[in-house]
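As structure tokens, the structure follows; a few thoughts come after it.
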Amino acid sequence: MQLNTDSRRLRRHALDILAYRERLTPEQWIATHCELTPKVTDFHPGPASLRYFPYMRRILQVMADPRTRRVTLDFGSQLIKTTIVYLFLAWSICNRPRSIGYFLPAERDIKIFCQNKWYDLWTYEYRGKKYPRNAALAAELPLMADGSVNEDLFTYTVQKFRRCNMTLLGTGVDIAVKSQPYDILVLDETTEIERRRCEQAADRIKGRPRGLIIETSSPGEEPCYITDQRLAGTDEHYHVPCPHCGQPFEILWREHRDSGPYYFHADPAALGTTDNPEAYNLRQIAETTWLECAHCQGEIRNAQKQSLLDAGQWIPNNPNGTPGHYSFHLSSLYSPILPWGAALSDWYKSLGNRDALYRFTTGFLAQTWRDTATPTNPGKLKSCAGDYQRGDPRGDARLIIVDVQRADLRYNIRGYSGGKLSELIDHGSAASFKDIADLQDKYKADHVGIDVQYPERQQEAYEAIHANQGRGWFGILGKKSGTHIARTTPFRETSVGAFTGKKRGRFAPSDAITVLHINGDMWKAEMAKARNAENPNWKVYTDPHPSYIRELYAEYQTQKRNPRTGRDENVWKVKAHGQNHQGDCETYQFAAATWLGLLTTANTSAIASVLKSIAARAQPATPDDGSTPTTAKPPSKLQQALNARKT
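Below you can see the structure in the form of structure tokens.
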């Protein structure tokens, strides 16, 4: 009797349950059924084996443990971190099938990953068609009648295996990250992915009782997502025993990140006597490098590395981490592929080259990159404290600045006297623009500047400014110098259609509102000098609230190499998990108060010189021969605002 489709499916499922299966560990199964081709690796092609990478055995066991919820690999390069992930996925598809989401930094990375690594694990090509490499993998692949792989069901982005599906996505678009839930989520090269994208992707396994997140990357600049996740887990480091004293130690480049002795040495004759990399004998350095034991200072040669790795073990630094979260840190100094001499020669070659030193620090040592930053000292704010309390009315004129956020409005109120003195009156959070209007009435503020940079509430801000123009409300917008505003221009004034969003006069006059564009870098420098007690006329009330101090110092200045010009430039960065609302408000206060004429002096010489040149251009030129002076150009809107304030 011929069985119908449902009966055949049920019979196949029953036979699959009753079929004999070898009881193999994940490592044994991978060695039996998976092959690494020379296209994937030229170090150990053939059956996939962890013989040369013993530190991966525990990681594979942890991934296969059903109690594990998260695995973080904060690794350097050439440590097969990506290889171990897709070997585990192959084992999972064949032995414990679950839906898989594999996230890469961009869409273009998907094809590269599939062609260079993933496809070669499952198939080989013969006469233009792809065929499974062995029977275990063939049982899961979608096959045609001739035994070849059905490439319509095994594409770059969606691969439909017999018992589960695997989806490969780039993280550049929100809809891709939020597309569907998964049982296994892989985030590869998280340093190249925005932090919020990683967090959005991690939400895809919420509610899954067997959900597993695997994230891998080399670290990047501080603050770094992969390093933060590693510190939240078990934070395990690989320790090896010294062949001389037997004491276990971690292979480190140096004892401390910023100080302490180096543990790698080479023949002194190869190092020379100068700091010029061209004077080093790099070949001799590579041949004579040895590792110093952290306990007995014994010499350990590169030929002994494999025996050290075989005897090593993982030791957790954070046994009280999140339950089910296992995290591991490993530098390329452990790689059996890279000799220690190559590390030391690369180090000397990178001296004096910031980009090369960045690659060595993050890619080889697996350490976050820390740019040289301008030090900030919140203790100096005590020197700026005036003899008055929070909420006391101060100054001849008062200005409110509002930093618009998704859920609330952060405000800052300052009083100004004599064109010089600036005193903080109050700060906090308001629920609506009506509350801001009430604050204006309470403190008798002359002007209110509204940040219009938040996209989702921009139209709401425009309409509030339009409704209160008669009360001195205006828009304010911070710009990065050199991109949206000239580097030597402190600010510029524009008009915007409140209900159309159009600029440059393409709207009805009654629709126009004023928006002040400020040079963010220039005015942040002014604010930084003030908070460091370098401006004696900038004051805060007695004993400022901790939230104000925290938000004022949440942003710091550092240097970063501009890839276009090749020069180091000063940039502003917000600390990890920091909120810089009051820092933004104080920056806006400086710019807006100067624009309105509430402040007539500037602590930054660049701003003072620009304002002086603006005033000079507004004066008529007097000829030397005593003839009639040349008529000056009509004053700009900026000069009109300054003159109106003075009168």
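Residue numbers for the sequence shown, in the working numbering: 25 to 671.
Even for Gly, the Cβ is constructed at its ideal location relative to N, Cα and C.
Range covered by the beta strand (DSSP E) that runs through residue i
{"i": "Thr386", "result": "Here Thr386 belongs to no beta strand (DSSP E), and DSSP marks it neither H nor E."}
{"i": "Asp98", "result": "Arg94 to Phe99"}
{"i": "Thr147", "result": "Thr147 to Tyr150"}
{"i": "Tyr155", "result": "Lys153 to Pro156"}
{"i": "Gln102", "result": "Run containing Gln102: none; DSSP gives neither H nor E here."}
{"i": "Gln183", "result": "Val182 to Lys184"}
Under the three-state DSSP convention, the category residue i falls into
{"i": "Asn377", "result": "coil"}
{"i": "Ser31", "result": "helix"}
{"i": "Thr56", "result": "helix"}
{"i": "Tyr580", "result": "strand"}
{"i": "Ile361", "result": "coil"}
{"i": "Asp648", "result": "The predicted model places Asp648 with a pLDDT of 46, which falls under 50 and marks its position as unreliable, so this point remains unresolved."}
{"i": "His68", "result": "coil"}
{"i": "Asp170", "result": "coil"}
{"i": "Asp89", "result": "coil"}
{"i": "Asp674", "result": "In the structure as shown, the chain starts at 25 and stops at 671, and residue 674 therefore has no counterpart that could be examined."}
{"i": "Arg416", "result": "Here residue 416 turns out to be Asp, not Arg, going by the sequence shown. Coil, per DSSP."}
{"i": "Ala642", "result": "Because the pLDDT at Ala642 is just 47, under 50, the model does not fix this residue reliably, and the value given afterwards should be weighed accordingly. DSSP places Ala642 in coil when its eight states are reduced to three."}
{"i": "Ala431", "result": "coil"}
{"i": "Gly672", "result": "No answer is possible for residue 672: it lies beyond the span of the chain, which begins at 25 and ends at 671."}
{"i": "Pro50", "result": "helix"}
{"i": "Pro265", "result": "strand"}
For residue i, the residue or residues it bridges with in DSSP
{"i": "Leu193", "result": "Phe127"}
{"i": "Gly439", "result": "Arg422 and Glu447"}
{"i": "Trp562", "result": "Ser446"}
{"i": "Leu74", "result": "Paired residue(s): none; Leu74 is not in a bridge."}
{"i": "Leu354", "result": "Phe99"}
{"i": "Ser369", "result": "Answer is none; Ser369 lacks a bridge partner."}
{"i": "Lys597", "result": "Tyr580"}
{"i": "Trp393", "result": "Glu245"}
{"i": "Gly452", "result": "Tyr435"}
Extent of the continuous alpha helix (DSSP H) to which residue i belongs
{"i": "Glu575", "result": "Pro570 to Leu576"}
{"i": "Asn119", "result": "Lys105 to Asn119"}
{"i": "Phe137", "result": "Arg132 to Phe137"}
{"i": "Lys466", "result": "Phe457 to Tyr467"}
{"i": "Gln613", "result": "His605 to Leu620"}
{"i": "Leu161", "result": "Ala159 to Ala162"}
Next on the checklist: Threshold first: 4 residues or longer. Then list the alpha helix (DSSP H) segments lying entirely within the segment 199-262, N to C.
Outcome noted: 219-226 and 249-256
Checklist entry - Contact between the segment 537-547 and the segment 602-615: three or more CB pairs below 8 Å? => result yes
Checklist entry - Can we say the segment 350-365 touches the segment 322-338, given the rule of at least three CB pairs closer than 8 Å? => result yes
Item to check | Length-filtered (4 minimum) alpha helix (DSSP H) runs lying within the segment 267-350 | outcome: 292-295, 306-312 and 329-334
Checklist entry - Taking the runs of the beta strand (DSSP E) that are 3 residues or longer, which of them lie wholly in the segment 472-557? => result 497-503, 515-521 and 536-543
Checklist entry - Does the segment 122-138 touch the segment 177-185, meaning 3 or more C-beta pairs lie closer than 8 Å? => result yes
Next on the checklist: Check whether the segment 208-217 and the segment 120-137 touch, using three or more Cβ-Cβ pairs below 8 Å as the test.
Outcome noted: yes
Checklist entry - Pairing CB atoms from the segment 247-255 with CB atoms from the segment 263-282, are three or more of them under 8 Å? => result no
Checklist entry - Counting Cβ pairs closer than 8 Å, one from the segment 161-170 and one from the segment 184-192, do we hit at least three? => result yes
Checklist entry - Hey, is the segment 303-314 in contact with the segment 284-294, meaning 3+ C-beta pairs nearer than 8 Å? => result yes
Next on the checklist: For the pair the segment 433-446 and the segment 486-501, tell me if three or more CB-CB distances fall below 8 Å.
Outcome noted: no
Checklist entry - When the Cβ atoms of the segment 373-392 are set against those of the segment 403-423, are three or more pairs found closer than 8 Å? => result no
Next on the checklist: Any contact between the segment 555-574 and the segment 388-395? By contact I mean 3 or more CB pairs, one from each, below 8 Å.
Outcome noted: no
Item to check | Cβ pair count under 8 Å reaching 3, the segment 468-487 against the segment 408-427 | outcome: yes
Checklist entry - Can at least three beta-carbon pairs, one atom from the segment 570-580 and one from the segment 515-527, be found at a separation below 8 Å? => result no
Checklist entry - So, do the segment 91-99 and the segment 340-355 have three or more beta carbon pairs nearer to each other than 8 Å? => result yes
Checklist entry - Quick check: the segment 212-219 against the segment 239-246, are there 3 or more CB pairs under 8 Å? => result yes
Checklist entry - Are three or more beta carbon pairs between the segment 108-118 and the segment 48-60 nearer than 8 Å? => result yes
Next on the checklist: With a threshold of 8 Å, are at least 3 pairs of Cβ atoms found where one atom belongs to the segment 76-84 and the other to the segment 219-230?
Outcome noted: no
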